[in-house]
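Visitor:
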Amino acid sequence: MITKQYFKSNMILGHEGAGIVESTGPGVTKFKPGDKVIPLYMPQCGNCKFCLSPKTNLYLMPDGTSRFTCKGKQIYHFMGTSTFSEYTVVAETSLAKIDAASPLDKVCLIGCGFSTGYGAAINTAKVKPGSICVVFGLGGVGLSAVMGCKAAGASRILGIDINTNKFALAKELGATDCLNPRDFKKPIQEVIIEMTNGGVDFAIECIGNIDKAATECTSVGWGSCTLVGVPAGGESVPVSPMKLIMGRKINATFFGGWKSVECVPKLVTDYMAKKFNLDALVTYTLPFDKLNEAFDLMHEGKSIRTVLVF
82 MITKQYFKSN MILGHEGAGI VESTGPGVTK FKPGDKVIPL YMPQCGNCKF CLSPKTNLYL
142 MPDGTSRFTC KGKQIYHFMG TSTFSEYTVV AETSLAKIDA ASPLDKVCLI GCGFSTGYGA
202 AINTAKVKPG SICVVFGLGG VGLSAVMGCK AAGASRILGI DINTNKFALA KELGATDCLN
262 PRDFKKPIQE VIIEMTNGGV DFAIECIGNI DKAATECTSV GWGSCTLVGV PAGGESVPVS
322 PMKLIMGRKI NATFFGGWKS VECVPKLVTD YMAKKFNLDA LVTYTLPFDK LNEAFDLMHE
382 GKSIRTVLVF
């Protein structure tokens, strides 16, 4: 979910995609027509203080100018990518060149959802071998977090969702237990604490829900909660300072902590080497003119990811 402050009324939406370079503008040296690429909503110039720091994957944001017009009127980009369009214009710093053999209808997920969830577990939470993890929300991002926990060597991975139709895939991808909060009379954090003898080592919140379940199900002394889902604007996380004083930690992630230009091609290479399973996340592939149908499938809980093709 992207909150209202990110939107303008005249904007081309979409931020997760993959494509082929059609042409390049003056000064572009890293790409040529025919290159397969993934647009990056988190750019990487390699020169600003953020790009040069190993502490973050953030970037000094663009200047707000646009390369789109319609009948002489300016049309704005969305997150620098605007992938809900057969053709788009992006900055050189907002593209990653990828393996020419990679399937665009699969690796497009690396443009956001997969990288965000997988990286939340590996880069931000830094899940350790033998640890107990819980993932709240088993959509595309949450299932990617499950894969990240498994890749990091977690011994037990709990998946939380009210849509039980997602449980089979979650277990296929690495979840050891799946729980529907509606099946219990007590708060789900209390259930998790009982199941794990005191709480999990790592909680990863992929819903954008600011209730206290994810922050309170972690172990006193060292438990860590990583926030991934974006809550509605103006909301804040309710947490008692005493819980932090007693050793719990809360952090958050953007694009899974990956340095985009340098890491996205490596993730594509790992996918091609079958180190993780993107294919399982693609529920439907539809032509772009079925966009509204794709949103309906998502809202009805029938789709993990619907890939739209031109």
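Under the working numbering, the letters of the sequence shown match residues 82 to 391, in that order. We put the beta carbon where it would ideally sit given N, CA and C, even for glycine. Bear in mind the structure is a predicted one, so any value in this text is a computation, not a measurement.
(1) Let's see if you can read the secondary structure: which residues bound the beta strand (DSSP E) around phenylalanine 195?
(2) Identify which residue in Asp377, Ile241 and Ala181 has its Cα closest to the Cα of lysine 113.
(3) Ignore the nearest five residues each way along the sequence and tell me which others in cysteine 132's own chain have a CB closer than 7 Å to its CB.
(4) For aspartate 242, count the other beta carbons within 10 Å of its own beta carbon; 16 or more makes it buried, fewer makes it exposed. Which is it?
(5) Could you work out which residue in Gly95, Tyr157, Gly161 and Lys187 is closest to threonine 366 when comparing CA atoms only?
(6) Let's test the definition: count the other Cβ atoms within 10 Å of the Cβ of asparagine 138 and tell me whether it reaches 16, buried, or not, exposed.
(7) If you draw a straight line from the C-alpha of leucine 325 to the C-alpha of threonine 296, how long is it?
(8) Go to isoleucine 149, then tell me how far its beta strand (DSSP E) extends in each direction, as first and last residue.
(9) Give, in chain order, every unbroken run of the alpha helix (DSSP H) that is at least 4 residues long and sits entirely within the segment 145-193.
(10) Counting beta carbon pairs with one atom in the segment 228-242 and one in the segment 203-213, are three or more of them shorter than 8 Å?
(11) What's the call for methionine 323, buried or exposed, on a 16-neighbour Cβ count within 10 Å?
(12) State whether the segment 293-313 contacts the segment 215-226, with contact taken as three or more CB pairs (one from each stretch) at a distance under 8 Å.
(13) Using only the alpha-carbon positions, how far apart do cysteine 214 and glutamate 103 sit?
(14) Provide the residue span of the beta strand (DSSP E) that contains serine 305, from first to last.
(15) Counting C-beta neighbours from all protein chains within 10 Å, is the total for serine 163 16 or more, i.e. buried, or is it exposed?
(16) Residues in the same chain with beta-carbon distance under 7 Å from arginine 386, minus the five sequence neighbours each way, listed in chain order, please.
(17) Quick test of your reading: isoleucine 331 and alanine 294, contact by CB under 8 Å. State the CB separation rounded to the nearest angstrom.
(18) What is the C-beta distance between histidine 96 and phenylalanine 149, in whole angstroms, given that I count them as a contact (C-beta under 8 Å)?
(19) Could you give the distance in angstroms between the alpha-carbon of lysine 347 and the alpha-carbon of lysine 266?
(20) Of all the options Lys152, Gly280, Gly192 and Gln155, which has the alpha carbon lying nearest to the alpha carbon of glycine 338?
(21) Alpha carbon to alpha carbon, what distance is there between isoleucine 273 and serine 240?
(22) Hey, could you find the ends of the alpha helix (DSSP H) alanine 295 is sitting in?
(23) If you run the structure through DSSP and keep just helix, strand and coil, what is valine 281?
(24) Compare the Cα-Cα distances from isoleucine 288 to each of Lys117, Gly115 and Thr197 and report the closest residue.
(25) How about valine 342 and alanine 177: do their beta carbons lie closer than 8 Å?
(26) Let me know the secondary structure DSSP gives threonine 245 once reduced to three states.
Guide: Taking the definition as stated:
(1) No beta strand (DSSP E) contains phenylalanine 195, which is instead part of the alpha helix (DSSP H) from 194-200.
(2) Ala181
(3) Gln125, Cys126 and Tyr140
(4) buried
(5) Lys187
(6) buried
(7) 10 Å
(8) Looking at the sequence provided, one finds phenylalanine at residue 149 rather than isoleucine. Its beta strand (DSSP E) spans residues 149-151.
(9) 185-188
(10) yes
(11) exposed
(12) yes
(13) 43 Å
(14) 305-308
(15) buried
(16) Leu190, Gly194, Gly221, Leu362, Val363 and Thr364
(17) Contact flag wrong, Cβ pair sits at about 13 Å.
(18) No, histidine 96 and phenylalanine 149 are not in contact; Cβ-Cβ is about 15 Å, not under 8 Å.
(19) 45 Å
(20) Gly192
(21) A small fix is needed here, since residue 240 is glycine in this sequence, not serine. Taking the straight line joining both Cα atoms gives about 10 Å.
(22) 294-297
(23) strand
(24) Thr197
(25) yes
(26) helix
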